[in-house]
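Numbering (UniProt numbering), first residue to last: 1 to 293.
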């Protein structure tokens, strides 16, 4: 029962797509594997074309034989309908004079730059962002039958997608999550161009340009943040040094001779620096003796 419902849904979907004039991948496969009906008048015209070719041999051979390169495919139209078998090439193929025409489709990867787009971010900041897109034609029949100019349509769609995706991000996310934004753009473009026979292979965000006033504000904010961290680190150092001095004073207080040794060590340090003036510390015990008298 579920299988019957799925088949009915698929048939309805195909019927709607045919009514809108679009050819789906299923239609392309059916076209490649089945004959087509051009009617009695069409077969008559084809017969006349074949007869004309035979009469004008061998000159007509040079008009009927065509060659496409390794990276190209040819879509042949016979009396306005796509010839069964799908795209031809690469190499040599044959067309009939007067009734057949063909369009070459480049199957190589195409690269184009997205012009800088003025985008208003989620946190109301205006930035200028540009990027680059890599795509290729995956199905030549769909690229010819479903859209007038696949390259121009993909370029315009990439610009719109870039603005739409960045409009949902704040400035910090745009600056830090470029790979995620590029992946989101690639998925969106690939889904949108699937009916055109185009495969979006890669999207990259090239540059994010900020207004000059915003750059100055961000630089001042970063400088203030660094200064604040520096002050905190200096305060922590003073606190640690005070604790160490306190512990040292407690140790010296336990032994009076330790203070004298410290005096002598300080004197040795001053003498090593080759100073002309030497301060000799007077022991406090001598002063205590005079104070008792």
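In this text, a Cβ means the ideal position worked out from N, Cα and C, and glycines have one as well. Remember, predicted model here, so these are calculated numbers, not experimental data.
At the C-beta level, residue 174 and residue 144 stay beyond 8 angstroms of one another.
Here the alpha carbons of residue 177 and residue 266 stand approximately 57 angstroms from one another. Counted as a single uninterrupted DSSP element, the beta strand (DSSP E) harbouring residue 78 occupies residues 72-78. Looking from the CA of residue 86, the closest CA among 92, 80 and 75 belongs to 75. If you draw a straight line from the Cα of residue 161 to the Cα of residue 189, it comes to about 7 angstroms.
In the same chain as residue 108, and ignoring 5 residues on each side of it, the C-beta atoms closer than 6 angstroms to its own belong to 71, in chain order. Residue range 126-137 is occupied by the beta strand (DSSP E) that includes residue 136. Short of 6 angstroms from the beta carbon of residue 67, and not among the five residues preceding or following it, lie these beta carbons of its own chain, in chain order: 92. Between residue 89 and residue 105, the alpha-carbon positions lie close to 10 angstroms from each other.
Cα atoms of residue 119 and residue 45: separation of roughly 56 angstroms, rounded to the nearest angstrom. In terms of Cβ geometry, residue 117 and residue 159 form a close pair [threshold 8 angstroms]. If you compare the alpha carbons of 99, 205 and 217 with that of residue 180, the shortest gap goes to 205. Residue 59: not part of any beta strand (DSSP E); member of the alpha helix (DSSP H) spanning 59-64, first to last residue.
For the pair residue 226 and residue 240, the Cα-to-Cα distance works out to about 21 angstroms. Burial is judged here by how many other beta carbons sit within 10 angstroms of a residue's own beta carbon; residue 43 has fewer than 16 and is exposed. It is roughly 17 angstroms from the alpha-carbon of residue 251 to the alpha-carbon of residue 264.
With 16 or more neighbouring CB atoms inside 10 Å of its own CB, residue 49 falls in the buried class.
With a 10 Å radius around the Cβ and a threshold of 16 neighbouring Cβ atoms, residue 154 comes out buried.
One alpha carbon belongs to residue 52, the other to residue 65, and they sit about 15 angstroms apart. A straight line joining the alpha-carbon of residue 114 with that of residue 218 spans about 27 angstroms. A straight-line Cα-Cα distance of about 60 angstroms links residue 210 and residue 38. Separation of the CB atoms of residue 123 and residue 207 is rounded to 20 angstroms, and the pair is thereby denied contact status at 8 angstroms. If you ignore the 5 residues before and after residue 245, its C-beta comes within less than 7 angstroms of no other C-beta in its own chain.
Here residue 207 carries a strand assignment [DSSP, helix/strand/coil]. In the DSSP assignment, residue 123 falls outside any alpha helix (DSSP H), carrying neither H nor E. Rounded to whole angstroms, the gap between the alpha carbons of residue 230 and residue 121 is 32 angstroms. Between residue 146 and residue 191, the C-beta spacing is not below 8 angstroms. Judged by their CB atoms, residue 47 and residue 77 are not nearer to each other than the 8 angstroms cut-off.
About 20 angstroms separates the beta carbons of residue 135 and residue 69, which is beyond the 8 angstroms limit, so they are not a contact pair. Per DSSP, the continuous beta strand (DSSP E) segment holding residue 104 begins and ends at 100-106.
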